[in-house]
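Visitor: Quick one: the structure is below, questions incoming.
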Amino acid sequence: MVKNIAILGASGYTGAELVRLIATHPDMQIVGLSGERKAGMTMAEVFPHLAHLDLPVLQKIEEMDFSNVDLAFCALPHATSQEVIAALPGDLKVVDLSADFRLRDPAAYEKWYGKPHTQPELQKIAVYGLTEFYRDQIREARLVAGTGCNAATGQYALRPLIAAGAIDLDDIIIDLKAGVSGAGRSLKENLLHAELSGGTMPYSAGGKHRHLGEFDQEFSAIAGRPVEVMFTPHLMPFNRGILATVYVQGDAKQVHETLAKAYKDEPFLHVLPFGQVASTRSIGGSNFVHIGVVGDRRPGRTIVFAALDNLCKGSSGQAMQNANLMLGLDETTGLMFAPVFP
1 MVKNIAILGA SGYTGAELVR LIATHPDMQI VGLSGERKAG MTMAEVFPHL AHLDLPVLQK
61 IEEMDFSNVD LAFCALPHAT SQEVIAALPG DLKVVDLSAD FRLRDPAAYE KWYGKPHTQP
121 ELQKIAVYGL TEFYRDQIRE ARLVAGTGCN AATGQYALRP LIAAGAIDLD DIIIDLKAGV
181 SGAGRSLKEN LLHAELSGGT MPYSAGGKHR HLGEFDQEFS AIAGRPVEVM FTPHLMPFNR
241 GILATVYVQG DAKQVHETLA KAYKDEPFLH VLPFGQVAST RSIGGSNFVH IGVVGDRRPG
301 RTIVFAALDN LCKGSSGQAM QNANLMLGLD ETTGLMFAPV FP
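Residue numbers 1 to 342, in the UniProt record's numbering, belong to the letters of the sequence shown in order.
Next up, the structure:
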């Protein structure tokens, strides 16, 4: 039976990406789309690349009928999702793409997002949406919290290494390059073509980036003791993609073997041959992650590379992977398409 889907916040990049993915999904159909500022418009008007699809007109959320909806994707800004999801029918399955339910500890949420969480009861039931590590909980979940795209990239590079004790937990550096679509569709001066094109810059440096909350939560839980990584993201003048270069202390061959063993049966996680680096060009527009391992010239130092598409595997593709599990479908349905190259 085809599942009925609603997308809240369909006028943003992740909402449009969800529409693109669901358009060829054999077991999902879109029955409702919301876009607060663009209510009354068609998706063709908002995103011309979707003009060939027969889609509902954008509505305000309060005008939507959820009586026949099996699952809703919530692609709304941070802090907005809390109130919106709290007002949805209590039996409706929800995949939230914002940061509102990623952190389990209310104090951690307040620390990283600057305000108290307004829905602590929902926060308690939310399952962290890094599919490959939480799929059993996701299958049974009513609410799944999609990860941060930067946080997902770093975790794919490091989780198996932390679990296996293959690296020094007190000496981890994540240097990350992110495409501009990760900043959303809202108008921002620093994202103007003249401000961004032709250069790059770090942002939220010095331990200020909010995705550090996810790294702290997840890595510390795996290790059974506090783990704090150094993390600096950089804004790059390309549309899609994230490349994380992770510096660790550990034997390079052991690091590669640990990652290859951990991911050998994962359909979307591909560990490259030893010595080969990952590239954003090889995963664009897809739900795949490429991971490479290279030994440094100094013995015992290793570099791990992880590349994914921030709008797909880092957000909307991951959300659909989770939705497949929540709806009892095969996890890979609608997601095995090849990357776009060149």
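Quick reminder that beta carbons are idealized off the backbone N, C-alpha and C, glycines included.
For the 8 Å Cβ check, are there 3 or more pairs between the region 215-229 and the region 248-258?
Guide: no
Visitor: Taking the CB atoms as reference points, tell me whether Ala306 and Thr153 lie closer together than 7 Å.
Guide: Against the sequence shown, residue 306 aligns to sequence position 306. Against the sequence shown, residue 153 aligns to sequence position 153. The Cβ atoms of Ala306 and Thr153 sit closer than 7 Å to each other.
Visitor: For Phe219 and Glu110, I'd like the C-alpha separation in whole angstroms.
Guide: The residue given as residue 219 occupies position 219 in the sequence shown. The residue given as residue 110 occupies position 110 in the sequence shown. Each residue's Cα considered, the two are about 19 Å apart.
Visitor: Using only alpha-carbon positions, find the residue among Thr200, Asp100, Asp175 and Ser279 that is nearest to Thr118.
Guide: Translated into the one-based positions of the sequence shown, residue 118 becomes position 118. That would be Asp100, whose Cα lies nearest to the Cα of Thr118.
Visitor: Can you give the Cα-Cα distance for Leu143 and Val94, rounded to whole angstroms?
Guide: Mapped onto the sequence shown, residue 143 falls at position 143. Mapped onto the sequence shown, residue 94 falls at position 94. The alpha-carbon atoms of Leu143 and Val94 are separated by roughly 5 Å.
Visitor: Quick one: give me the first and last residue of the beta strand (DSSP E) that Leu232 is part of.
Guide: As a first step, residue 232 must be located in the sequence shown, where it is residue number 232. Reading the sequence as shown, one finds Thr at residue 232 and not Leu. Per DSSP, Thr232 belongs to the beta strand (DSSP E) from Met230 to Met236.
Visitor: On the CB-based measure, 16 or more other CB atoms within 10 Å of its CB, does Ile125 come out buried or exposed?
Guide: Locating residue 125 in the sequence shown gives position 125, counting from the first residue. With fewer than 16 Cβ atoms within 10 Å of its Cβ, Ile125 is classed as exposed.
Visitor: With H, G and I counted as helix, E and B as strand and the rest as coil, what does DSSP make of Met320?
Guide: Numbered from 1 along the sequence shown, position 320 holds the residue referred to as residue 320. Helix at Met320.
Visitor: To the nearest angstrom, report how far apart Ser286 and Thr280 are at their CA atoms.
Guide: Translated into positions along the sequence shown, residue 286 becomes position 286. Translated into positions along the sequence shown, residue 280 becomes position 280. So the alpha carbons of these two residues sit roughly 10 Å apart.
Visitor: Would you decide whether Val340 is buried or exposed? Buried here means 16 or more other CB atoms lie within 10 Å of its CB.
Guide: As a position in the sequence shown, residue 340 is number 340, starting the count at 1. Its Cβ having fewer than 16 others within 10 Å, Val340 is exposed.
Visitor: Name, in chain order, the residues that DSSP records as bridge partners for Gln59.
Guide: Counting from one through the sequence shown, the residue named residue 59 turns up at place 59. DSSP lists Ser34 as partners of Gln59.
Visitor: With C-beta atoms as the reference, is Gln249 less than 7 Å away from Asp168?
Guide: The residue labelled residue 249 in the question sits at position 249 within the sequence shown. The residue labelled residue 168 in the question sits at position 168 within the sequence shown. Against a cut-off of 7 Å, the Cβ pair of Asp168 and Gln249 comes out as a contact.
Visitor: Hey, how far is the Cα of Tyr113 from the Cα of Leu212?
Guide: Here residue 113 refers to the residue found at position 113 of the sequence shown. Here residue 212 refers to the residue found at position 212 of the sequence shown. Cα to Cα, the separation comes out at about 11 Å.
Visitor: Ala163 to Thr42, Cα distance in whole Å?
Guide: Position 163 of the sequence shown, counted from the start, is the residue given in the question as residue 163. Position 42 of the sequence shown, counted from the start, is the residue given in the question as residue 42. If you draw a straight line from the Cα of Ala163 to the Cα of Thr42, it is about 47 Å long.
Visitor: State the beta-bridge partners of Leu143 as determined by DSSP.
Guide: Sequence index remark: in the sequence shown, residue 143 carries index 143 (1-based). For Leu143, which the question treats as bridged, DSSP gives the partners Val94.
Visitor: Helix, strand or coil, according to DSSP, for Gln217 in the structure here?
Guide: Position 217 of the sequence shown, counted from the first residue, corresponds to residue 217. Three-state result, Gln217: helix.
Visitor: For Leu327, which beta-bridge partners are listed by DSSP?
Guide: Taking the first residue of the sequence shown as position 1, residue 327 is located at position 327. DSSP, once it has assigned bridges, lists no residue as partnering Leu327.
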